[in-house]
Each structure stands twice: as C-alpha cells, then as structure tokens.
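*Asks:* Here this note's numbering is used: the first residue of the sequence shown is 99, the next is one more, and so on. If you scroll down you'll find the structure; I have some questions about it.
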Amino acid sequence: MSTTRTISTRLVPASRLPLVLAALASLLVLPHPTFAQGRLDAQYEATLAGIPVGKGAWVVDIADDQFSASVSGGTAGLLKAFASGSGTGAAQGRVVGGALIATNYVASTTTSKKIESIHIVLANGNVKEYGIEPQPPVDPDRIPVTDAHRRGVYDPMTGAMLRVAGAGDPLTPDACRTGAAVFDGRMRYDLKLDFKRMDNVKSEKGYRGPVVVCALYFTPIAGYIPDRPVIKYLAAQRNIEIAFAPIAGTRILVPFWMKIPTPLGLAMLEATQFISTASPPRVAKTN
Numbered sequence: 099m100s101t102t103r104t105i106s107t108r109l110v111p112a113s114r115l116p117l118v119l120a121a122l123a124s125l126l127v128l129p130h131p132t133f134a135q136g137r138l139d140a141q142y143e144a145t146l147a148g149i150p151v152g153k154g155a156w157v158v159d160i161a162d163d164q165f166s167a168s169v170s171g172g173t174a175g176l177l178k179a180f181a182s183g184s185g186t187g188a189a190q191g192r193v194v195g196g197a198l199i200a201t202n203y204v205a206s207t208t209t210s211k212k213i214e215s216i217h218i219v220l221a222n223g224n225v226k227e228y229g230i231e232p233q234p235p236v237d238p239d240r241i242p243v244t245d246a247h248r249r250g251v252y253d254p255m256t257g258a259m260l261r262v263a264g265a266g267d268p269l270t271p272d273a274c275r276t277g278a279a280v281f282d283g284r285m286r287y288d289l290k291l292d293f294k295r296m297d298n299v300k301s302e303k304g305y306r307g308p309v310v311v312c313a314l315y316f317t318p319i320a321g322y323i324p325d326r327p328v329i330k331y332l333a334a335q336r337n338i339e340i341a342f343a344p345i346a347g348t349r350i351l352v353p354f355w356m357k358i359p360t361p362l363g364l365a366m367l368e369a370t371q372f373i374s375t376a377s378p379p380r381v382a383k384t385n
C-alpha cells in the first residue's frame, strides 16, 4: 500500500467553495507504531484579495483505533450576494500502525440551482465504490478515470491530514518532502510538497505557535478536461503555499492556512479558531 497522503487544491466555482475547506491538501508519510489520540475543533475564513468569501468549520477526532473528520461551510460576505452556496463533507476509517486508513468519504454541495452528492468507499487505499448524484453528463473531452487510477489513492478529507513519522518534533522540513495521489470522486491528480520555511501563526482563538510552510505542486492525471483554463493555471502555478500546524497528542499536522495566487488577487483560507486537545490513551479493562 502506498505510504503517501494527499492534498486537494482546486480553484472551484463559488458554488463549490465550501468543499475547499475539506479538500485543502496534505500527505501521509511512513507510519510510526505509536497510537496517539487527539481532537481538533477549527474554524476557517476564506478570502479573495482580502475580501471575505466563505466560512467553515472542521472537526477531527483521532482515537487509538479509529478516526473521523467532518467539515461544513458556505459562502459569505460579498460573494453570498451573487452566488450563495453551502457544503458538507465527512470521512471515517481505521488507525492502523499510527496511519489513518479511510474507509468512507461523503461530500455534498447545495446551491440555488442544484444539490450534488459524492460518495467513495475505500479499502486499503483502493476505491471499491464511488458515485456522484445526480450523475454528471458525459463529456467526450474529459480524460477517463480508469480502474488503475483508483488504486493507491486517498480521499480529499483524509488527505487534508499530514502524518509525520518518527518520535521527535513533527514540525520539521522533512514533513514537506513527499508527494501523493488523490481521487475526489470525479478527478484523479498527483500533488507534491517541498519545504519552503518555518513560520509562526496566531489564531484568534486557540493555537499560537510554529508552523511548517510547504510549497504545493499540482499535476492532473485523469477525470479533467485539458482545455479548462483553471486546470492549466493550477498545473503551471509554482507559488501555492500551505502551512501545517499540529493536532495536540498526535503526530498529525493539518492546514492552518493556504494561499493560492489568482488573476483576481490572493485566495487565502486561514484558521480563525484552532483548538486541539490531547486525549490520554484508552486503557484496556481488566478483571
């Protein structure tokens, strides 16, 4: 099974903006055998050229043998007056040898025009079942997604969590030096991280401290239309950055902020609340 994790980073229409909160980006590196437990309760704000365009919440629970994550969000500020939308996403799975192994992923978006739902069922990194409702029309220009493209991949939600190997400080340059694959129910793409710098952040509520900042590079593989301007733009982009902060009590890093240059200005997703708490390991009952 692949030992890498993923980052989902697509510029999307306003109607799908809430899912950006779930599909930020990241990757899984070699697992460490220690089981750790923790919880994250975070809130994010999305801006474009400094103007608020969306808000969302993200909750992650990591136990010794299972995990769950859920996100909800919607358009906000000036954008809401033009294209109102909301969305939810969730993933759950097992914790095996310290690695997060997803088994289910669901996401939905709601606009004034339609409701769309996506579901993915996985087993050891391979997609066993997936679907989009309502089923999108067939586009002959879209590169087909084959069975091979759906093996050794991760869903966007689980892919938004970075697992760092070892026993030392997880916030090191090595956390960024890896790459991964992701399937989001429609599209299959590769992503690569490279270390850029260490930094410090300060949320309005919760975490204040260091983050590791990674560069993010996007390569589409299948399920996309090659002539789409947004695909070409992202594939050529070399200035996307993502900053990772730790979930207390675990070796999991999650995005604190993400920056994507666009022709309309800097698109940014940043935590306004980032509260993480460690949980003591569960002790087996004895007679």
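In this text, a Cβ means the ideal position worked out from N, Cα and C, and glycines have one as well. Because the structure is a prediction, the values reported are computed rather than measured.
1. Could you give the uninterrupted runs of the beta strand (DSSP E) lying entirely in the stretch 325-380, keeping only those of 3 residues or more?
2. What is the DSSP secondary structure of Pro271, reduced to helix, strand or coil?
3. Classify Leu289: buried if its beta carbon has 16 or more other beta carbons within 10 angstroms, exposed otherwise.
4. Among residues of its own chain, excluding the 5 on either side of Glu339, which ones have a beta-carbon nearer than 8 Å to its beta-carbon?
5. Are the stretch 185-195 and the stretch 162-174 touching, with three or more C-beta to C-beta distances below 8 Å?
6. Can the beta-carbon of Pro268 be found less than 8 Å from the beta-carbon of Leu351?
7. Rounding to the nearest angstrom, what Cα-Cα distance links Val280 and Val151 in this structure?
8. I need the straight-line Cα distance from Leu146 to Tyr287, nearest angstrom please.
9. In or out: Asp282 buried (at least 16 other Cβ within 10 Å) or exposed?
10. Tell me the start and end of each unbroken alpha helix (DSSP H) in the stretch 183-268 that is at least 4 residues and wholly inside, in chain order.
11. Any heavy atom of the ligand COA closer than 7 Å to the beta-carbon of Asn337?
12. Can you give the Cα-Cα distance for Ala376 and Ala246, rounded to whole angstroms?
13. Below 8 Å on the Cβ atoms is my guess for Glu231 versus Ser215; work out the distance and round it to an integer in Å.
14. Let me check one thing: in DSSP terms, what residues is Tyr142 bridge-paired to?
15. CA-CA distance, Ile199 and Phe372?
16. Would you say Leu260 and Gly277 are within 8 Å of each other, going by their C-beta atoms?
17. Here's the rule I'm using: 16 or more other beta-carbon atoms within 10 Å means buried, otherwise exposed. How should Thr370 be labelled?
18. Who are the near neighbours of Ala120 in its chain, counting only those whose CB is closer than 7 Å to its CB and skipping five residues on each side?
19. Pull the bridge partners of Asp51 from the DSSP assignment, please.
20. What is the DSSP secondary structure of Arg286, reduced to helix, strand or coil?
21. Quick one: is Pro238 buried, meaning 16 or more other Cβ sit within 10 Å of its Cβ, or exposed?
*Replies:* In short, the structure shows the following:
1. List check, beta strand (DSSP E) in window: 338-344, 350-360, 363-376.
2. To locate residue 271, count along the sequence shown from 1; it is residue 173. Shown here, Pro271 sits in a helix according to DSSP, grouped into three states.
3. Within the sequence shown, numbered from 1, the residue matching residue 289 stands at position 191. The residue in question, Leu289, is buried, as its Cβ has 16 or more Cβ neighbours within 10 Å.
4. Numbered from its first residue, the sequence shown carries residue 339 at position 241. Once the five neighbours on either side are set aside, the close Cβ partners of Glu339 are Lys294, Val311, Cys312, Ala313, Leu314, Met356, Lys357.
5. Three or more Cβ pairs closer than 8 Å define a contact, and the stretch 185-195 meets that threshold against the stretch 162-174.
6. The residue labelled residue 268 in the question sits at position 170 within the sequence shown. The residue labelled residue 351 in the question sits at position 253 within the sequence shown. The answer is yes: Cβ separation under 8 Å.
7. Locating residue 280 in the sequence shown gives position 182, counting from the first residue. Locating residue 151 in the sequence shown gives position 53, counting from the first residue. Cα-Cα distance, rounded: 26 Å.
8. Stepping through the sequence shown from its first residue, residue 146 is reached at position 48. Stepping through the sequence shown from its first residue, residue 287 is reached at position 189. When rounded, the distance between both Cα atoms is 25 Å.
9. As a first step, residue 282 must be located in the sequence shown, where it is residue number 184. The residue is buried, with at least 16 neighbouring Cβ atoms inside 10 Å.
10. Runs of the alpha helix (DSSP H) inside the stretch 183-268: none found.
11. Judged by which ligands are present, the structure shown has none, so any question about the ligand COA falls away.
12. Looking up residue 376 in the sequence shown gives position 278. Looking up residue 246 in the sequence shown gives position 148. Taken atom to atom, the span from the alpha-carbon of Ala376 to that of Ala246 is near 38 Å.
13. As a position in the sequence shown, residue 231 is number 133, starting the count at 1. As a position in the sequence shown, residue 215 is number 117, starting the count at 1. Between Ser215 and Glu231 the Cβ distance is about 5 Å, and since that is below 8 Å, they are a contact.
14. Locating residue 142 in the sequence shown gives position 44, counting from the first residue. Answer is Gly154, Ala369.
15. Counted from its first residue, the sequence shown places residue 199 at position 101. Counted from its first residue, the sequence shown places residue 372 at position 274. Using only the alpha carbons, I get a separation of about 24 Å.
16. Position 162 of the sequence shown, counted from the start, is the residue given in the question as residue 260. Position 179 of the sequence shown, counted from the start, is the residue given in the question as residue 277. Not closer than 8 Å, so no.
17. In the sequence shown, the residue the question calls residue 370 occupies position 272. The residue in question, Thr370, is exposed, as its Cβ has fewer than 16 Cβ neighbours within 10 Å.
18. The count along the sequence shown starts at 1 and reaches residue 120 at position 22. Because the pLDDT of Ala120 is 40, which lies under 50, any placement of that residue in the model is unreliable, and the number read from its coordinates should be weighed accordingly. Answer for Ala120: Val169, Gly187, Ala205, Pro254, Met255, Ala258, listed in chain order.
19. Given a span of 99 to 385 for the chain in the structure shown, any question on residue 51 remains unanswerable.
20. Residue mapping note: residue 286 aligns to position 188 of the sequence shown, counting from 1. Of the three classes helix, strand and coil, the one that applies to Arg286 here is strand, per DSSP.
21. Residue mapping note: residue 238 aligns to position 140 of the sequence shown, counting from 1. In summary, Pro238 is exposed, with fewer than 16 beta-carbon neighbours lying within 10 Å of its beta-carbon over all protein chains present.
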